[in-house]
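For the sequence shown, position 116 matches number 149 in the working numbering, and the numbering has no gaps at all. Note that beta-carbon positions come from the ideal geometry of N, C-alpha and C, so glycine has one too.
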Amino acid sequence: MYKQPFVQISPLTEAEYQRWAGLLAERLGIIVPKERKMFLQSKIWSRMREIGYQRYDKYWEFINSGIEGNLEWSQLVDRLTVHETSFFRHQPSFDLVAEDIKAHLEAADDVLKYKMWSVSCATGEEAYSLAMVAHHLCQQSDKKCYYGVTATDVSSPAIALAKQGIYGVDKKPQINAMYHPYLDDLNKEMFTISAAIKRRLAFGVFNLLDVKRPSQVKYDLIYCQHVLMYFERHVRRQILDGLVTYLNGGGLLILGQTEINAWSHPAMQRVEKGRTLAFRLK
Numbered sequence: 034m035y036k037q038p039f040v041q042i043s044p045l046t047e048a049e050y051q052r053w054a055g056l057l058a059e060r061l062g063i064i065v066p067k068e069r070k071m072f073l074q075s076k077i078w079s080r081m082r083e084i085g086y087q088r089y090d091k092y093w094e095f096i097n098s099g100i101e102g103n104l105e106w107s108q109l110v111d112r113l114t115v116h117e118t119s120f121f122r123h124q125p126s127f128d129l130v131a132e133d134i135k136a137h138l139e140a141a142d143d144v145l146k147y148k149m150w151s152v153s154c155a156t157g158e159e160a161y162s163l164a165m166v167a168h169h170l171c172q173q174s175d176k177k178c179y180y181g182v183t184a185t186d187v188s189s190p191a192i193a194l195a196k197q198g199i200y201g202v203d204k205k206p207q208i209n210a211m212y213h214p215y216l217d218d219l220n221k222e223m224f225t226i227s228a229a230i231k232r233r234l235a236f237g238v239f240n241l242l243d244v245k246r247p248s249q250v251k252y253d254l255i256y257c258q259h260v261l262m263y264f265e266r267h268v269r270r271q272i273l274d275g276l277v278t279y280l281n282g283g284g285l286l287i288l289g290q291t292e293i294n295a296w297s298h299p300a301m302q303r304v305e306k307g308r309t310l311a312f313r314l315k
C-alpha cells in the first residue's frame, strides 16, 4: 500500500521570521515575538501545504501579488489570529453593560436609541451576548427601543461564521437561562441565535489599525476585550485614542482588565466598577 511520504516542516530562517513578522506588524499591528516563532512557522507551513506550496519565498510572492494574493492573505490571517471565545466571557463587564443600558432607558423620554460596537467579535459570541442583554432589557420596558450591534473582526472567515450564528450545544451552559428564549435548536447538537436578535447585528471586516481614521459613526458603548494583547504597547494606546473618537457623549468604553496599564485620556473618566476596566467619555 502506497503511503504519502512524510514532509518535514522547513524551519523559518531568522531573515524569513523577520520578514513574516514584519508583514503582520505592518498590515495588522500584531506582534509575533521570537518565543512564538514556532507558532508562526507551523501556521504558515500548514496553510502552504494545503494549497501546494513547499517554499516560504514562493508563498510570500503569491500572498503579495494581485487579487488572489489578497484573498489568500485573508485565509492566512484567520490561521494566525486567535478566535477562542465564548458567550458572556467576562460577566462583570456584561453586568456593566446592563447597568448602562438601564440608565439610558431611565433617561429616555419615549424612545431609546443605543448603538454598540463589538470591536473584535471573532465568531460572534461576544456580539450576540451584547445583543441579548439589550434585547432582554428592552422587552421589560414600555419604551420604544432601537438598539444595534456593529460586530467587526480582522478575519473574514471568522465574520462569515459569526453571521451564521450557529453553535454547538456545548456552548449553551455559557448563556444564562433567561436568554434561552433567544436561542433556536437546530438539532440535538447545534443551535442558532433567533432572528429577533440577528436582525439587530451588522457584521464587517475591520482592521484596528484603521481606527485612527476619522469616522462619522458614533457609539454609546464600545466593547474591546481580548484583542489589545496582540499589539505593542504604543500601538495599544493609539488604538484606544482612536476608539475615543467613535464614542457618543457619555459613551462607555469597556476593556479587558489585563490588556492595558496606565492609559489615560483627557476626555475620558475611569468608571469605578469592581472587576472591570472601563472609561466614560466626559
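Determine, using beta carbons only, whether residue i and residue j come nearer to each other than 7 Å.
{"i": "SER119", "j": "TYR256", "result": "no"}
{"i": "ALA235", "j": "THR183", "result": "yes"}
{"i": "PHE121", "j": "SER153", "result": "no"}
{"i": "THR225", "j": "ALA195", "result": "no"}
{"i": "THR185", "j": "PHE127", "result": "no"}
{"i": "ILE287", "j": "ALA311", "result": "yes"}
{"i": "TRP296", "j": "ARG270", "result": "yes"}
{"i": "LYS306", "j": "LEU129", "result": "yes"}
{"i": "THR291", "j": "PRO125", "result": "no"}
{"i": "TYR279", "j": "SER248", "result": "yes"}
{"i": "LEU56", "j": "GLN74", "result": "no"}
Once you ignore the five residues that flank residue i on each side, which residues in its own chain have a CB closer than 8 Å to its CB?
{"i": "HIS137", "result": "LEU145, TYR147 and ASP253"}
{"i": "VAL187", "result": "LEU61, VAL110, THR114, SER153, VAL238, PHE239, ASN240 and LEU241"}
{"i": "LYS67", "result": "TYR50"}
Could you please give me the residues that DSSP links to residue i through a beta bridge?
{"i": "GLN249", "result": "GLN249 is not bridged to any residue."}
{"i": "PHE239", "result": "DSSP, once it has assigned bridges, lists no residue as partnering PHE239."}
{"i": "GLN302", "result": "ARG313"}
{"i": "LEU280", "result": "TYR252"}
{"i": "LEU286", "result": "ILE255 and PHE312"}
{"i": "TYR212", "result": "DSSP, once it has assigned bridges, lists no residue as partnering TYR212."}
{"i": "ILE199", "result": "THR225"}
Buried or exposed, going by whether 16 or more other CB atoms sit within 10 Å of the CB of residue i?
{"i": "GLY283", "result": "exposed"}
{"i": "PHE72", "result": "exposed"}
{"i": "MET223", "result": "exposed"}
{"i": "LEU104", "result": "exposed"}
{"i": "ARG233", "result": "buried"}
{"i": "TYR179", "result": "exposed"}
{"i": "ALA54", "result": "buried"}
{"i": "TYR35", "result": "With a pLDDT of only 42 at TYR35, under 50, the local geometry of the prediction cannot be trusted, and no value is derived from it."}
{"i": "GLU101", "result": "exposed"}
{"i": "GLU59", "result": "exposed"}
{"i": "ILE84", "result": "exposed"}
{"i": "ASN300", "result": "Looking at the sequence itself, residue 300 is Ala, so the reference to Asn does not match. Its Cβ having fewer than 16 others within 10 Å, ALA300 is exposed."}
Looking only at its chain, what residues have a beta carbon closer than 7 Å to the beta carbon of residue i, apart from the 5 residues adjacent to it on each side?
{"i": "VAL244", "result": "ILE272, GLY275 and LEU276"}
{"i": "LEU170", "result": "ALA131, ILE134, LYS135 and LEU138"}
{"i": "ALA141", "result": "LYS176"}
{"i": "PHE264", "result": "GLY62, ILE63, ILE64 and ILE272"}
{"i": "HIS123", "result": "GLN258"}
{"i": "VAL268", "result": "GLY62"}
Going along the chain, which residues of its own chain have a beta-carbon closer than 6 Å to the beta-carbon of residue i, five neighbours each way excluded?
{"i": "PRO190", "result": "ASP111"}
{"i": "LEU109", "result": "ARG80"}
{"i": "GLN302", "result": "ARG313 and LYS315"}
{"i": "LEU113", "result": "LYS76"}
{"i": "PRO38", "result": "Model confidence at PRO38 stands at a pLDDT of 44, short of 50, so the residue's coordinates are unreliable; what they give is reported in the following sentence. Counting only Cβ-Cβ distances below 6 Å, and skipping sequence neighbours, we find nothing."}
{"i": "TYR92", "result": "MET81 and TYR86"}
{"i": "ILE208", "result": "PHE120"}
{"i": "ASP218", "result": "PHE224"}
My guess is that residue i and residue j are in contact by the Cβ rule of under 8 Å, so how many angstroms apart are they, rounded?
{"i": "LEU61", "j": "LEU242", "result": "7 Å"}
{"i": "ILE63", "j": "MET165", "result": "Not confirmed; about 30 Å, so no contact."}
{"i": "HIS168", "j": "TYR215", "result": "7 Å"}
{"i": "TYR50", "j": "LYS70", "result": "5 Å"}
Is residue i near the ligand FAD, in the sense that its beta carbon is under 6 Å from a heavy atom of that ligand?
{"i": "ASN281", "result": "Absence of the ligand FAD from the depicted structure is noted, as is the absence of any ligand whatsoever, leaving it without description."}
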